[in-house]
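Following: one structure in structure tokens, then a few remarks.
There are 2 protein chains.
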Amino acid sequence: MPDDQKNLTIYKIAELSGVSVSTISRVINNSPYVSAKTKAHVTDIINKYHFSPSSVARAMNSNHTQTLGVIVSDITNPYFSELYLEIQRYAVDFGYSIILCNTFYGGSNHGVSDAIPEKTYFQMMLDKKVDGVLILGGEIDRDTISDSYKEALNRMGRQIPVVILGQSVPDCSCTFLNRNISGGISALIHHLLALGRRRIGFVGGEEGIRTTTARLAAFTQTLKNLAISFDPSLISLSNYYAPDGYRAMAKLLEQTETTPSAIICINDAVAQGAIRAIVDKGLRVPEDISVVSCDQFPSGEYTCPRLTTLDQQNSYLGRMSIMTLISAINHDSEGINISHEPHLIIRESCGARLGFQFER
Amino acid sequence: MPDDQKNLTIYKIAELSGVSVSTISRVINNSPYVSAKTKAHVTDIINKYHFSPSSVARAMNSNHTQTLGVIVSDITNPYFSELYLEIQRYAVDFGYSIILCNTFYGGSNHGVSDAIPEKTYFQMMLDKKVDGVLILGGEIDRDTISDSYKEALNRMGRQIPVVILGQSVPDCSCTFLNRNISGGISALIHHLLALGRRRIGFVGGEEGIRTTTARLAAFTQTLKNLAISFDPSLISLSNYYAPDGYRAMAKLLEQTETTPSAIICINDAVAQGAIRAIVDKGLRVPEDISVVSCDQFPSGEYTCPRLTTLDQQNSYLGRMSIMTLISAINHDSEGINISHEPHLIIRESCGARLGFQFER
DNA sequence: CTTTTTCATGGTATCGGTATCAAAGCCATT
DNA sequence: AATGGCTTTGATACCGATACCATGAAAAAG
């Protein structure tokens, strides 16, 4: 049986075919400078032995590896995994494979405590000679970025294309895709006001993280513009997961004197935790408190009650991220403007679809 | 400023240091055959220019890339992402990076239709010369495995270590970690019976997939052993996500004449969908129907009601998977026996923790 | 029928490291 | 001073592809 062997090289195929390595290379790369006869013969041998050229050797003198690095803080977070799905799809289409780097930064509740510094991954990306790096979240999302982090990031950015999904940081040798982080908050508030909710709280997210800071700023600003009194005891931050939402909501209910009539959560996981905390206090959603969220997760359509939330168009963001990176690698373009406007998904947790109209 | 440059090689460092490349290589690899003085000098230059050796060139003659391939069907599925987290953690500890391969096989509801054949990824893994491959799920989980798939899998298995988390398939040149797929079903049924539930249905999972087939078999077998009548109209399969749970549950409620008193779901996402379907029919969980699940997801603790479910010890499985693969690469051992017993987490959706005791 | 052009093929340097071998320098011993 | 052993260093083949140049054969042009 003409079986495949380990460590088949172009030299062995040349030997088996009775031609030179140059010819084998030509056949592999579909060069026109091979006779039909030779090509057919070599192709037969290649198929027979299931030969396929080593990407490592190819990378050696082409200086590109057809590999991309993707850095995320936590792939169990639906926000990141949804982005990843889209990225993976396009990467394969364009012939790239992806090295996924999970930094464990930002602490989910998964029992893993120590984060892997992004600097470690930056160096790894450089050593592995990936063709480009995509950063979806992590240390770059901090309000204040340390000099040493920035230095490491810039060192990488000077050597290979780096695309960052988030919001621009000054003096970075990277391409930024500016997410409209705070968009939609105003729509959320207006929707709640229209339902008769005026005492609105904000739950979840982490202090010092740009998403949280920006959304919180949009929250307070919108209230101010509408001349609605702002009560700091209605704000309770923690983190981005269901247990955090539970904890933050429970804390909010304890620290405030008057129960809020509505809560805006940083994302659907937090909203789920918050609802659970409200229910555990013997209150009802949406009858007593309306709960809405800023970032749609797939599960939000199946909770009790279903979540009113914002669609951040994550598939679109994922697609734009990978396309921008590939463009940067091919020097096709110099930065792409993305325009995504979060849009309101009205379901049950605000009360609207259940026909409630509240008075206060 | 002594700044770093692009494409720094060992040759340039040799030139800058005034020694030979051999010496640079020795310094990098901590060889004892370098004088302290030379070592210090070269180290200074390396640090000054931020030189780090190319992994590609190293792979060229060491024949290992310090890279692993991980193949999953859908990383947005918490089962896979939880496994991945553990795998990533240990991989980095042992100096490996991970190429993640998402096959889109098994259709979630994410709008992506066409799966990427695993064969495509197998070839990619071979070409990229990864040191080992870990398959967490996908085509291997089918009840019947096609010859062409098996052939491609075996070809890969003969060249590099391949570890598969699931259940053994005959005549495969891979190491299997046999998950106890059907374990815990019996515990679930006994728990429901103790609560007074006898008319038990099964919801979710996909026909022709081993997890589903095995759990369904354990389900019917346990009922048979207990001499409980088995009603095929109480079984409704679909897939592994919340929308599938919703759909399957709605269908079950339509197709059966007598409403079931309990439902066992394939996992927590499906359970969430099923609960939603039950509630939409105007029934209550757990008062009218108890709902339990076979596979714990983190969100299950924050649903309304909280889910009674089985802990499959996914962290343990992830850890064993990566450790087994690394052992196989190092020829340290020949297969590891894993012992994980799913254990029952009693919460609200069955009724037990809410103090219900049902009669029938 | 010779010369020129085109086509097909082979030989070899190269990418950036590591491994192996050879050799030079240094010190102590005889 | 010559010898031997140890430390330290340098030169070069090699890993598996591709790129470039050279060459031989066949076809077209003179």
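Protein sequences appear in the order of chains Y and L.
Mapping of the first sequence onto my numbering: position 198 corresponds to residue 241, and the numbering continues sequentially without gaps.
Mapping of the second sequence onto my numbering: position 132 corresponds to residue 175, and the numbering continues sequentially without gaps.
For each residue, glycine too, the CB sits at the ideal point set by N, CA and C.
- Message: Quick check: what's the CA-CA separation for L128(L) versus G239(Y)?
- Response: 43 Å
- Query: Roughly how many angstroms separate the alpha carbons of C393(Y) and P121(Y), rounded to a whole number?
  - Reply: Looking at the two C-alpha atoms, the distance is approximately 22 Å.
- Item | Reduced DSSP category for T110(Y) - H, G, I as helix; E, B as strand; rest coil | strand
- Message: Please report the straight-line C-alpha distance between N223(Y) and T352(L), rounded to a whole angstrom.
- Response: The straight-line gap from Cα to Cα measures roughly 38 Å.
- Quick one: is D287(Y) near chain L, going by C-beta distance under 8 Å? no
- Item | Contact set for T299(L): own chain, Cβ-Cβ below 8 Å, skip 5 residues either direction | Scanning its chain for C-beta atoms nearer than 8 Å, with the 5 sequence neighbours on each side dropped, one finds around T299(L) the residues G244, D274, S276, L277, in chain order.
- Task: Flag this pair as touching only if the stretch 193 to 205 of chain L and the stretch 318 to 329 of chain L have three or more C-beta atom pairs under 8 Å; answer yes or no.
- Result: no
- Query: chain L partners of A102(Y), CB-CB under 8 Å?
  - Reply: V99
- Query: Residue ranges of each beta strand (DSSP E) run of no fewer than 3 residues wholly in the stretch 262 to 332 of chain L, ordered along the chain?
  - Reply: As for any beta strand (DSSP E) of minimum length 3 sitting wholly inside the stretch 262 to 332 of chain L, the runs are 305 to 308, ordered along the chain.
- Task: Taking G212(Y) as the reference, give the member of K80(Y), C337(Y), D184(Y) with the closest Cα.
- Result: The residue asked about is misnamed: residue 212(Y) is Val in this sequence, not Gly. Here the closest residue by C-alpha is D184(Y).
- Query: Comparing the C-beta of Y127(Y) with each C-beta of chain L, is any distance below 8 Å?
  - Reply: yes
- D214(L) Cβ short of 7 Å to the ligand GTP heavy atom set: The model depicted lacks the ligand GTP and carries no ligand whatsoever.
- Those residues which DSSP pairs with I178(L) across a bridge: I114(L), I207(L)
- Message: Can you tell me whether A261(L) is buried or exposed? The criterion is at least 16 other CB atoms within 10 Å of its CB, across all chains shown.
- Response: buried
- Item | Residue range of the unbroken alpha helix (DSSP H) whose run includes V85(Y) | 79 to 91
- In chain Y, which residues lie with their C-beta within 7 Å of the C-beta of N145(L)? L128, Q131
- Query: Which value, in whole angstroms, describes the spacing of the CA atoms of D414(Y) and F147(Y)?
  - Reply: With chain Y running from 44 to 403 in the structure shown, residue 414(Y) is simply not present.
- Query: Is M199(L) close to chain Y, meaning its C-beta is less than 8 Å from at least one C-beta of that chain?
  - Reply: no
- Query: Alpha carbon to alpha carbon, how far is N152(L) from S60(Y)?
  - Reply: The predicted model places N152(L) with a pLDDT of 45, which falls under 50 and marks its position as unreliable, so this point remains unresolved.
- Item | Nearest-angstrom Cβ-Cβ length linking V64(Y) and I53(Y), presumed shorter than 8 Å | 5 Å
- Min CB distance V135(L) to chain Y below 8 Å: yes
- Query: To which residues of the same chain is I254(L) closer than 8 Å at the C-beta, ignoring the five residues directly before and after it?
  - Reply: Ile is not the amino acid found at residue 254(L); the sequence shown has Thr there. These residues qualify, in order along the chain: D184, I224, G248, I309.
- Item | Residue environment, S98(Y), which counts as buried when at least 16 other CB atoms sit within 10 Å | buried
- Message: Please state the DSSP three-state secondary structure of F165(L).
- Response: helix
- Identify, in the order they occur along the chain, each residue of the same chain with its Cβ nearer than 6 Å to the Cβ of S21(L), setting aside the five sequence neighbours on each side. With chain L running from 44 to 403 in the structure shown, residue 21(L) is simply not present.
- Message: Between L269(Y), S216(Y), N221(Y), which has its C-alpha nearest R242(Y)'s C-alpha?
- Response: L269(Y)
- Whose CA, out of T256(L), N73(L), E384(L), lies closest to the CA of N357(L)? E384(L)
- Excluding the 5 residues preceding and the 5 following D323(Y) in the sequence, name in chain order all residues of the same chain whose CB lies nearer than 7 Å to its CB. none
- Message: Using 8 Å as the cut-off, can you tell me whether the stretch 168 to 183 of chain Y makes contact with the stretch 205 to 220 of chain Y, which would need three or more C-beta pairs spanning the two stretches below that distance?
- Response: yes
- Length of the line joining the Cα atoms of K82(Y) and N106(L): 29 Å
- Message: Can you find the residues in the same chain that come closer than 7 Å, C-beta to C-beta, to T265(L), ignoring five residues on each side of it along the sequence?
- Response: I228, S229, I232
- What distance in whole Å lies between the Cβ atoms of H234(L) and L387(L), which are believed to be in contact at a cut-off of 8 Å? 6 Å
- Report the residues of the stretch 338 to 365 of chain L with a CB closer than 8 Å to any CB of chain Y, ordered along the chain. P341, S342, E344, Y345, T346, C347, R349, S358
- Item | For G288(L) and Q109(Y), the rounded distance between their alpha carbons | 39 Å
- Message: Only counting the same chain, and skipping five residues up and downstream in sequence, which positions put a Cβ closer than 8 Å to that of Q210(Y)?
- Response: F219, N221, R222, I224, R253, A257
- Using Cβ-Cβ distances below 7 Å, what residues of the stretch 166 to 189 of chain L are close to chain Y? Contact annotation: in the stretch 166 to 189 of chain L, residues whose CB is within less than 7 Å of a CB in chain Y are Q166, M167, L169, D170, K171, K172.
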